[in-house]
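Peer 1: So that we are looking at the same thing, I have put the structure below in structure tokens.
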Amino acid sequence: MKRSYSNFTVFYVDNIYELKHNLLRCKHFDAQKTGINIWHKIEQIFQSFNLSFSKTPITTDQGANMIKALSLTDEARFPCLAHHLHQSYEQLLILLREHGE
Numbered sequence: 004m005k006r007s008y009s010n011f012t013v014f015y016v017d018n019i020y021e022l023k024h025n026l027l028r029c030k031h032f033d034a035q036k037t038g039i040n041i042w043h044k045i046e047q048i049f050q051s052f053n054l055s056f057s058k059t060p061i062t063t064d065q066g067a068n069m070i071k072a073l074s075l076t077d078e079a080r081f082p083c084l085a086h087h088l089h090q091s092y093e094q095l096l097i098l099l100r101e102h103g104e
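The letter at position 9 of the sequence shown is residue 12 when you use the numbering used here, and the numbering goes up by one with no holes.
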């Protein structure tokens, strides 16, 4: 049985200009992973931590459901560079295997 989880991590720069990060929530996500359900979860998390959408940019993977979730609002969505690099690497490996290298 596959279980899905949503996690919400915040990155920020503190008063002495050091990059910090904290996991705010990691919770079982039992609803269908549709854009609207994900957007509702994001709204709940923002409300529970008293975060402002206008002051908090959101970074996600390139999943169609994540893109849809953030397209339901005017909030900015920034693609995750690490996910892009991982996908590029996977595609490179596929091409290398196909060409016997």
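We put the beta carbon where it would ideally sit given N, CA and C, even for glycine.
#1: Contact between the region 26-39 and the region 69-80: three or more CB pairs below 8 Å?
#2: Using only CA atoms, which one of Asn10, Arg80, Asp33, Phe32 lies nearest to Leu26?
#3: Output yes or no for whether 8 Å exceeds the beta carbon distance between Ser7 and Phe32.
#4: Just reading off the alpha helix (DSSP H) that Ser55 is part of, what are its end residues?
#5: Taking the alpha-carbon positions, what's the Thr76 to His102 distance?
#6: When you compare each of Lys30, Ser91, Gly66 to Thr12 by their alpha carbons, which one comes out closest?
#7: Please classify Ile41: is it buried, with 16 or more other beta-carbons within 10 angstroms of its beta-carbon, or exposed?
#8: Can you name the start and end residues of the alpha helix (DSSP H) that His86 belongs to?
Peer 2: Based on what the coordinates show:
#1: yes
#2: Asn10
#3: yes
#4: First-last for Ser55: undefined, no H or E at that position.
#5: 43 Å
#6: Lys30
#7: buried
#8: 84-101
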